[in-house]
Each structure stands twice: as C-alpha cells, then as structure tokens.
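The structure appears below as structure tokens.
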Amino acid sequence: MATIKNIILEIWHVYLDVSVFMLLGFLVAALLYVFFKADRIKKYLGKGRVKPVLLAALFGIPIPLCSCGVIPVAMGLKKQGANNGAALAFMIATPESGVDSIAVSWAMLDPVMTVMRPIAGLITAISTGIAANIFSSRDQQKTLLTPDPFFAQSPQPGQACSCGGGTCTEESGKTVQKPSLSRRLAQGMNFAFGELLIDIAKPFTIGVFIAGFITFFFPSGISTWSQNNPVLSMLVMLVAGIPMYVCATASTPIAAALILKGLNPGAALVFLMAGPATNAATMGVVKKIFGTRALAIYLGMISICALAMGSLLDLIYRALAIQPSMMMGKASEVLPYGVELTAALILAALLARSLFKRQDCHDHDHNK
C-alpha cells in the first residue's frame, strides 16, 4: 500500500509541475490559430531546394500539432504546390516542438534543454528537407504526376479562395465576409482547448503516468551507466523513440524523469527528437505519399541529426559544468502552490472532457 501511495504522489507531483504551463501553451496555441494562417505562405513552398524548406521549417516550429495531427496539414501544403522537402520539413519541425511543448519544457526541463530542443528540431527539419529535395527528385516527380486518394477530402482548386482586407473572395466569384476578431478568438480557443487537447490528452496522460513510474522505480545506477556509455545510451533512446507514438508534450515529462534518474541529457534529447517525429503511422504515410527513398531519407536524417545534436548537448553541459539533474523543473518551483493546484484542477477537467469526447468520436465512427 505504501508503494502505491508513493507512486501516486510522484505522478501527482509531475502533473502539478506541468499544469500551469500546459494551460499557457494552449492559450498561445489559440492565438496562433487566429493570427498565423497556413494559406498565407503556401505559395512560397513550391520552387527551389532550400528556400521552401527553410520557410516550412520556420513556419512549423511554433505550430502545436502532434506527429499524426500534422499529417493532413503537411499533405494540404503539398497539394497546394509545396515540394517534397518543404512538406517533410514541416512534418518534422511541427511535432518536435510547439508552443505547448516549449511551455512544458520550460516547466520540467531547464533553460539549456528548452532552447536546444526547438533549435535541434529546426536543424533536423531543414537538413531532411534539403536532402529530400536533392536525393528524391524521381520519387517527387512520380508523386506529383500520380493523384493520391489521401487528398480526396481536400478542397478542389476551384473552391480555393484568396484573402485580402476584410473579405474572402472565392474563384467562383462569391464574396464572404471575414469572421470578426471576437469570433476568430472563439474559434481559436475552441481549437486549442478542443481539437488540440483531444489530440494530445491520451498520450499526455500516459506520459505523466510513465514519468511517475520512472521517478519511483528506475534505479539510480542509470547515472553511472549513461555517463560511461553516452553514445550507447543515445542509440538505445533512438531505437526506443522511433516506433513509439508520443507527442512532444507527452514526451517531455518522460525525458525529465529519465534525466532526474541520471540519464545524460543528450540521450534525452534524442528521445525528444525521435519520438514525436516518427511513429508507425507517420512512416506509413511518408512511404505512401513521398516514396520509399524519401522514407529512407526521412528516418536516416532524423537519426543522424538526433545523435549529432545529442552529442553536442552533452558537450555544452560539460563545457558549462552544469549538473542536469540539479536543474530539472526549477521553473515550476517559483509558482505558488495555490496557482499550481488551481491550474491542475482546471486542466484535469479539460483532459477528462477531451478523453470522453475522443471516446464519443471513436464510438460514432465505429457505428457508421
């Protein structure tokens, strides 16, 4: 009984530390939804091997979408004319970092990891996109010439519209009033605390539970092993992260718990990069839409960049003489307990609602 109580306490402490920053991340996500529209840069992602990749990667960094949620958005960009490299760069940059995961990183990790994480994601996305444009040109021509049923639900070119000023003019000639700011803000809040929360509620909850179990059960001996075998520990985390479905937000408490147990930060960064950007569903879509060669480039570049950035991060910690386990989670300690508790209760209600909605949607689809 004492063991169960201690495990529950560890899970509660992990959850309490992250609640305020999760809510903050969702609030910023709502504002991004209102003011940061994808259709404004689609026309810049088609021509060139480098510039479209840079734009797609920069555009994807703050967007809060998980590795499966990003797929239809990336496919929409591709259908609008984005080349393979730009679409793949967006698919990597977006799930590896988002405003929600950056907020949680600040709460549970430390400033070095919080800054390094989006930088590593950006470098990985750009490197993969450029490599894809250079080495998978034949696959790209094939996919551009061959219609794919994946795009069947996307709007047809005749239904597209170009926005400017206060109205949206469709090619059919109809004019539709642009929604008011208050309506767009309501739509943004509905997206952030509705669709987005539904997407990550289950993996985030699982991630918090795993972090609690790691904190309680993992042996302290992992510290000595990882310090003596830093490259091997990164390879282990790479192999563990690639097939796992875990969003950037959910992977953060797991990585923080591992670092607190002594895992070198480079290995934790490898997990934070590989886990959100790759999983069985994403790899299947990349192969189907972009081709086998693009899939090999996608996985190869993510692996190479993750290992390289992990090694660089370990060097930074050694150069700065920082003990990672002593720095984890310090940001959340400045918040009053009452604020954390209030945020935890609000987030718990939102998570419960999202989990029930997800189940309702699943039951509805199953009954169709």
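For the sequence shown, our numbering gives the first residue as 304, with consecutive numbering after it. Ideal Cβ placement from N, Cα and C applies to all residues, glycine included. The structure presented is a predicted model; accordingly, all values stated were derived computationally and were not measured.
Inter-residue spacing [alpha-carbon to alpha-carbon] between Gly491 and Phe362 | Going from the Cα of Gly491 to the Cα of Phe362 covers about 18 Å.
Do Gln530 and Asn567 have their C-beta atoms within less than 8 Å of each other?
-> Pairing Gln530 with Asn567 gives a Cβ-Cβ distance under 8 Å.
Below 8 Å between beta carbons: does that hold for Ser430 and Met540?
-> Cβ atoms of Ser430 and Met540: not closer than 8 Å.
How many angstroms separate the CA atom of Ile545 from the CA atom of Ser483?
-> When rounded, the distance between both Cα atoms is 43 Å.
Look at the Cβ atom of Pro365, then the Cβ atom of Val402, and state whether they are nearer than 8 Å.
-> Yes, the pair counts as a contact, with Cβ atoms nearer than the cut-off.
Do Met304 and Ala423 have their C-beta atoms closer together than 8 Å?
-> Using a Cβ distance threshold of 8 Å, Met304 and Ala423 do not count as a contacting pair.
Can you round the beta-carbon distance between Pro506 and Ala577 to whole angstroms, since I take them to be within the 8 Å contact cut?
-> Not confirmed; about 15 Å, so no contact.
Assign Gly461 to buried or exposed, taking buried as 16 or more other Cβ atoms, counted over all protein chains shown, within 10 Å of its Cβ.
-> Confidence at Gly461 is low in this model, with a pLDDT of 33, below 50, so its placement is unreliable and the value that follows should be read with caution. Under the 10 Å beta carbon count, Gly461 is surrounded by fewer than 16 other beta carbons and is classified as exposed.
With a 10 Å radius around its C-beta and 16 neighbouring C-beta atoms as the bar for buried, classify Thr585 as buried or exposed.
-> A residue is called buried once 16 or more other Cβ atoms fall within 10 Å of its Cβ, and Thr585 is buried on that count.
Apply the 10 Å Cβ neighbour rule to Val642 and answer buried if 16 or more other Cβ atoms are within range, or exposed otherwise.
-> Result: exposed.
Met304, DSSP secondary structure in three states = Met304 falls in the coil class under three-state DSSP.
Which residue from Ile619, Leu616 and Ala580 puts its Cα closest to that of Ser606?
-> Taking the Cα of Ser606 as reference, the smallest distance to any Cα among Ile619, Leu616 and Ala580 is reached at Ala580.
By Cβ distance below 8 Å, which residues in the same chain neighbour Asp451 in space, the five residues on each side in sequence not counted?
-> Reliability fails at Asp451, whose pLDDT of 39 lies under 50, so the model's placement of it is uncertain and the value that follows must be treated cautiously. Sequence-distant Cβ neighbours of Asp451 in its own chain, meaning closer than 8 Å and more than five residues away, are Lys591 and Ile592.
How would you call Ala655, buried or exposed, if buried means at least 16 neighbouring beta carbons within 10 angstroms?
-> When all chains shown are included, Ala655 counts as exposed.
Quick one: grab the DSSP three-state call for Arg352.
-> When secondary structure is reduced to three states using DSSP, Arg352 falls in the coil class, being assigned neither helix nor strand.
Give the range of the alpha helix (DSSP H) segment to which Ile517 is assigned.
-> For Ile517, the enclosing alpha helix (DSSP H) begins and ends at Leu500 to Phe520.
How many Å lie between Trp528 and Ile557 at the Cα?
-> Cα to Cα, Trp528 sits roughly 18 Å from Ile557.
Rounded separation between Thr397 and Leu500 - CA only = Separation of Thr397 and Leu500 (C-alpha to C-alpha, rounded to the nearest whole angstrom) is 16 Å.
Terminal residues of the continuous alpha helix (DSSP H) containing Gln626?
-> DSSP places Gln626 outside any alpha helix (DSSP H), giving it a letter other than H or E.
How many whole angstroms separate the CB atoms of Ala435 and Ile562, which I take to be in contact at a CB cut-off of 8 Å?
-> Not a contact, Cβ separation roughly 32 Å.
Between Leu616 and Phe496, which are expected to be in contact by the criterion C-beta below 8 Å, what is the C-beta distance as a whole number of angstroms?
-> At roughly 33 Å, the Cβ-Cβ gap does not stay under 8 Å, so Leu616 and Phe496 are not in contact.
So Asp403 is in the alpha helix (DSSP H); what residue range does that whole segment cover?
-> That run of the alpha helix (DSSP H) goes Val402 to Met411.
Three-state secondary structure (DSSP) of Thr427 = Three-state DSSP puts Thr427 in a helix.
The alpha helix (DSSP H) enclosing Gly594, as first and last residue numbers | Bounds of any alpha helix (DSSP H) do not take in Gly594, whose DSSP letter is neither H nor E.
Are the beta-carbon atoms of Ile525 and Gly569 separated by less than 8 Å?
-> It is not a contact, given that the beta carbons lie outside the stated cut-off.
For Ala558, which three-state DSSP category applies?
-> Per DSSP, reduced to three states, the secondary structure at Ala558 is helical.
Would you call Tyr318 buried or exposed, if buried means 16 or more other Cβ atoms sit within 10 Å of its Cβ?
-> Burial state of Tyr318 is buried, judged by a 10 Å Cβ sphere holding 16 or more other Cβ atoms.
Would you grab the beta carbon distance between Ala551 and Glu399 for me? Rounded to a whole angstrom, and I think it's under 8 Å.
-> Right, the Cβ-Cβ distance comes to about 6 Å (below 8 Å), so this counts as a contact.
Taking all protein chains shown into account, do 16 or more other C-beta atoms lie within 10 angstroms of the C-beta of Ala624, making it buried, or fewer, making it exposed?
-> Ala624 comes out exposed.
Taking the C-alpha atoms as reference points, what is the distance between Thr417 and Ala385?
-> Approximately 30 Å, taken between the alpha carbons.
CA nearest to the CA of Leu358, picked from Leu391, Val373 and Met378 | Taking the Cα of Leu358 as reference, the smallest distance to any Cα among Leu391, Val373 and Met378 is reached at Leu391.
Could you give the C-beta distance for Val356 and Gly432, rounded to a whole number, given that I count them as a contact under 8 Å?
-> That belief holds up - the Cβ atoms of Val356 and Gly432 are roughly 3 Å apart, short of 8 Å.
How is Thr581 classed by DSSP in three states: helix, strand or coil?
-> Residue state for Thr581 is assigned as coil, using DSSP reduced to three classes.
In angstroms with no decimal places, state the Cα-to-Cα distance between Glu419 and Val511.
-> For the record, residue 419 in the displayed sequence is Met; it is not Glu. Met419 and Val511 have their C-alpha atoms some 22 Å from each other.
Please work out which residues of its chain come closer than 8 Å, Cβ to Cβ, to Leu644, disregarding the five sequence neighbours upstream and downstream, and give them in chain order.
-> The residues are Leu319.
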